[in-house]
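All remarks here apply to the structure that follows.
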DNA sequence: ACGGGAAGATTGTTCAACAATCTTGGTGGC
DNA sequence: GCCACCAAGATTGTTGAACAATCTTCCCGT
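Protein chains in written order, with the working numbering: chain A, 7 to 232; chain B, 7 to 232.
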């Protein structure tokens, strides 16, 4: 059995009425943390025993995760942790390049939102100072999620969350994890400053260039571009 | 048993490997067509018998539809066809007001896309001429879906499809179905013309005003605004 | 080495049972 | 008459076992 599954059942779970959702949450967490890397096969028998739930309940959790594209279901073959490729990266950035600048351009900024962004930027600077790549990645994702939340739309927040989860999968699939985020710490800070100054159009345009560059950098690293 | 379910089992369905998806598709269709109006309770026993599938398989379909927000699941109470209210309408238009203008502004227009839109506009005009409210509604949805598709993103297409499905539910929940779309036929045509002329910013701005007005009109009709 | 095919493993679906929760319809007190 | 309360029934949530369909593996004969 995969070591990443050991002890999952320890966290007591309520009975009746949400076991399927609980299982889905457990798997989502393990996948997001990289304990179950992209491409891993999720065997029904092994998992149902490890989690202490029936195969039927486990399959319900699979249906949920497949709906979120966290997992890929191949008929009669099984369920696998999603393994995003170059095309998926392009799709991720198509979405980001649309909804992030749009939220910056047309969203309204609730009181405190900019201060909250400053906190995130400081967190990124601290992570940069101590050389924590994971810390910078987290702060970066948090900031861009905050940008989208300017839209005020729960659906777009959910879409962004899904996209960022897929980004984490892309990083988990990489052998080496170079420092993608270091260059962006101050660029993020500048972006927040522009929004604070009301320079929405400039911020949106800059953000689109930013995302173009990030996409290119990522595609180069996974070998899709020479 | 609800008459809308009669004969569902007639359409032969493949066995092994996608019964759950097939059931979900059947229900999605019935709901989208208005045969199962918002608020309808979907009983497990009645439905599993009507469709000729086991309760387990039916529940898998429910999980799919709940993930799409087509259906609302209340623990230990049952599954109900989603019944969008005023807040949901506002959320729908938050999304539309963001992704539609963004796609118009930043999407690239593939060859033939504008001609395809012209065809849709003509369809809307024909429906208007013969007084077909349903025809205009269909053409209108088709056009706005085409606008979002300028983004080139499958995820955004999917989000738009979900939003439009929710719009259909809003209309199905209304007692009377007044002519919302008549005024918009020529406005849609003008929008396409602006895009063709390369007036992207003007088109995006006009589209945002358009959507603001449509939201207001709809909220008034469902009684959320005096 | 290579294609074919049987044996085993895995997934897809159903059924029957039980537990937990909700709903319904009295029942009694006030 | 009205309301809290409670028992009985109905419905949902979960399980385990069984079987069918499909995929995988590995052995065999050529």
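All C-beta atoms, glycine included, are put in the ideal place defined by N, C-alpha and C.
Quick one: Cα of residue 212 of chain A to Cα of residue 112 of chain A, how far?
Here residue 212 of chain A refers to the residue found at position 206 of the first chain. Here residue 112 of chain A refers to the residue found at position 106 of the first chain. If you take the alpha carbons of residue 212 of chain A and residue 112 of chain A, they lie about 15 angstroms apart.
Taking the continuous beta strand (DSSP E) assigned at residue 86 of chain B, which residues delimit it?
For the purposes of this step, residue 86 of chain B is identified with residue 80 of the second chain, where counting begins at 1. First-last of the beta strand (DSSP E) with residue 86 of chain B: 84–87.
Cβ closer than 9 angstroms: which chain B residues qualify as neighbours of residue 112 of chain A?
Translated into positions along the first chain, residue 112 of chain A becomes position 106. Those are 103, 104, 107, 108, 214, listed as they occur along chain B.
Rounding to the nearest angstrom, what Cα-Cα distance links residue 214 of chain B and residue 105 of chain B in this structure?
Translated into positions along the second chain, residue 214 of chain B becomes position 208. Translated into positions along the second chain, residue 105 of chain B becomes position 99. Straight-line Cα distance between these residues: approximately 10 angstroms.
Are the CB atoms of residue 30 of chain A and residue 71 of chain A nearer to each other than 7 angstroms?
Locating residue 30 of chain A in the first chain gives position 24, where the first residue counts as 1. Locating residue 71 of chain A in the first chain gives position 65, where the first residue counts as 1. Yes, the Cβ-Cβ distance between residue 30 of chain A and residue 71 of chain A is below 7 angstroms.
Please confirm if residue 165 of chain B has its CB atom under 7 angstroms from at least one CB of chain A.
As a working mapping, residue 165 of chain B is identified with position 159 in the second chain. Residue 165 of chain B counts as touching chain A.
Let's see if you can read the secondary structure: which residues bound the alpha helix (DSSP H) around residue 80 of chain A?
Residue 80 of chain A sits at position 74 when you count from the first residue of the first chain. Premise fails: residue 80 of chain A lies in the beta strand (DSSP E), 77–80, not in any alpha helix (DSSP H).
Could you name the residues of the same chain whose beta carbon sits closer than 8 angstroms to that of residue 84 of chain A, not counting the 5 residues immediately before and after it, in chain order?
Against the first chain, residue 84 of chain A aligns to sequence position 78. Here the set comprises 47, 48, 49, 50.
For residue 156 of chain B, which three-state DSSP category applies?
In the second chain, the residue the question calls residue 156 of chain B occupies position 150. The answer is coil: DSSP assigns residue 156 of chain B none of H, G, I, E or B.
Considering only the alpha carbon of each residue, which of A:66, A:160, A:100, A:165 lies closest to residue 27 of chain A?
For the purposes of this step, residue 27 of chain A is identified with residue 21 of the first chain, where counting begins at 1. The shortest CA-to-CA distance from residue 27 of chain A to any of A:66, A:160, A:100, A:165 is the one to A:66.
List the endpoints of the continuous alpha helix (DSSP H) containing residue 38 of chain B.
One-based indexing of the second chain puts residue 38 of chain B at position 32. Run containing residue 38 of chain B: 25–38, per the alpha helix (DSSP H) assignment.
Got a sec, what are the start and stop residues for the alpha helix (DSSP H) residue 205 of chain A sits in?
Taking the first chain and counting its residues from 1, one reaches residue 205 of chain A at position 199. Taken as a continuous stretch (DSSP letters only), residue 205 of chain A belongs to no alpha helix (DSSP H), as it is neither H nor E.
Is it the case that the CB of residue 216 of chain A approaches a heavy atom of the ligand FMN more closely than 6 angstroms?
The ligand FMN is not among the ligands present in this structure, which contains no ligands whatsoever.
Should residue 35 of chain A be labelled buried (16 or more other beta-carbon atoms within 10 Å of its own) or exposed?
Taking the first residue of the first chain as position 1, residue 35 of chain A is located at position 29. By the 10 Å Cβ count, residue 35 of chain A comes out exposed.
I'd like to confirm the pairing. Which residues does DSSP put opposite residue 48 of chain A in its beta bridges?
For the purposes of this step, residue 48 of chain A is taken as residue 42 along the first chain, with counting starting at 1. Residue 48 of chain A pairs with A:85.
To be precise: take each residue of the stretch 115–128 of chain A, compare its Cβ to all Cβ atoms of chain B, and keep it if any distance is under 7 angstroms. Which residues remain?
Residues of the stretch 115–128 of chain A with a C-beta atom less than 7 angstroms from some C-beta of chain B do not occur.
Any beta carbon from chain B within less than 7 angstroms of residue 220 of chain A's own beta carbon?
One-based indexing of the first chain puts residue 220 of chain A at position 214. Judged by the 7 angstroms Cβ criterion, residue 220 of chain A is not in contact with chain B.
Any Cβ of chain A within less than 7 angstroms of the Cβ of residue 157 of chain B?
Reading the second chain from its first residue, position 151 is the one you call residue 157 of chain B. Chain A, which has a Cβ nearer than 7 angstroms to the Cβ of residue 157 of chain B, makes this yes.
For residue 44 of chain A, is the classification buried or exposed, using 16 other Cβ atoms within 10 angstroms of its Cβ as the cut-off for buried?
For this step, residue 44 of chain A is matched to residue 38 along the first chain. Residue 44 of chain A should be labelled buried.
On the DSSP letters alone, give me the boundaries of the alpha helix (DSSP H) that residue 115 of chain A sits inside.
On the first chain, residue 115 of chain A is found 109 positions in, with the first residue counted as 1. Note, residue 115 of chain A: premise wrong, no alpha helix (DSSP H); not H, not E.
Check whether the stretch 178–191 of chain B and the stretch 137–145 of chain B are in contact - that is, three or more C-beta pairs closer than 8 angstroms.
yes
In chain A, which residues lie less than 7 angstroms from residue 161 of chain B when you measure between Cβ atoms?
Taking the first residue of the second chain as position 1, residue 161 of chain B is located at position 155. What residue 161 of chain B touches in chain A: 97, 101, 165.
How would you call residue 173 of chain A, buried or exposed, if buried means at least 16 neighbouring beta carbons within 10 angstroms?
By 1-based counting over the first chain, the position of residue 173 of chain A is 167. Buried, because 16 or more other Cβ atoms sit within 10 Å of the Cβ of residue 173 of chain A.
Using the beta-carbon of each residue, which ones in chain B are nearer than 7 angstroms to residue 24 of chain A?
The count along the first chain starts at 1 and reaches residue 24 of chain A at position 18. Neighbours of residue 24 of chain A on chain B, chain order: 81.
Take residue 177 of chain B as the anchor and find which of B:224, B:154, B:150, B:198 has the nearest alpha-carbon.
For the purposes of this step, residue 177 of chain B is identified with residue 171 of the second chain, where counting begins at 1. The shortest Cα separation from residue 177 of chain B among B:224, B:154, B:150, B:198 belongs to B:224.
Please report the straight-line C-alpha distance between residue 199 of chain B and residue 92 of chain B, rounded to a whole angstrom.
By one-based count along the second chain, residue 199 of chain B stands at place 193. By one-based count along the second chain, residue 92 of chain B stands at place 86. Distance between the alpha carbons of residue 199 of chain B and residue 92 of chain B is about 33 angstroms.
Along the chain, where does the alpha helix (DSSP H) containing residue 68 of chain B start, and where does it finish?
Against the second chain, residue 68 of chain B aligns to sequence position 62. Residue 68 of chain B -> alpha helix (DSSP H) spans 61–73.
With a threshold of 7 angstroms between beta-carbons, can residue 63 of chain B be considered close to chain A, or not?
For the purposes of this step, residue 63 of chain B is taken as the residue at position 57 of the second chain. Residue 63 of chain B does not count as touching chain A.
Per DSSP, what kind of secondary structure is residue 91 of chain B in: helix, strand or coil?
Translated into the one-based positions of the second chain, residue 91 of chain B becomes position 85. The answer is coil: DSSP assigns residue 91 of chain B none of H, G, I, E or B.
Nearest chain B C-beta to residue 182 of chain A closer than 7 angstroms, yes or no?
Stepping through the first chain from its first residue, residue 182 of chain A is reached at position 176. Answer no: the Cβ-Cβ gap between residue 182 of chain A and chain B never drops below 7 angstroms.
Contact criterion: CB-CB distance below 7 angstroms. Does residue 204 of chain A meet it with respect to chain B?
Start at 1 with the first residue of the first chain, and residue 204 of chain A comes out as number 198. Contact with chain B is absent for residue 204 of chain A, since none of that chain's Cβ atoms lies less than 7 angstroms from the residue's Cβ.
Kindly list the residues whose CB is nearer than 7 angstroms to the CB of residue 202 of chain A, restricted to its own chain and excluding five residues on each side of it in sequence; keep chain order.
Locating residue 202 of chain A in the first chain gives position 196, where the first residue counts as 1. Contacts found: 120.
Count the other CB atoms, across all protein chains shown, that sit within 10 Å of the CB of residue 24 of chain B; report buried if there are 16 or more and exposed otherwise.
For the purposes of this step, residue 24 of chain B is taken as residue 18 along the second chain, with counting starting at 1. So residue 24 of chain B counts as exposed.
Mind listing the chain B neighbours of residue 4 of chain A? Cutoff is C-beta to C-beta under 7 angstroms, in chain order.
Here chain A has residues from 7 to 232 only, and residue 4 of chain A is not among them.
Look at residue 165 of chain A and residue 217 of chain B and say whether their C-beta atoms are less than 7 angstroms apart.
Taking the first chain and counting its residues from 1, one reaches residue 165 of chain A at position 159. Taking the second chain and counting its residues from 1, one reaches residue 217 of chain B at position 211. The Cβ-Cβ distance between residue 165 of chain A and residue 217 of chain B does not fall below 7 angstroms.
Taking the straight line between their C-alpha atoms, what separation do you get for residue 206 of chain B and residue 110 of chain B?
Reading the second chain from its first residue, position 200 is the one you call residue 206 of chain B. Reading the second chain from its first residue, position 104 is the one you call residue 110 of chain B. Distance between the alpha carbons of residue 206 of chain B and residue 110 of chain B is about 6 angstroms.
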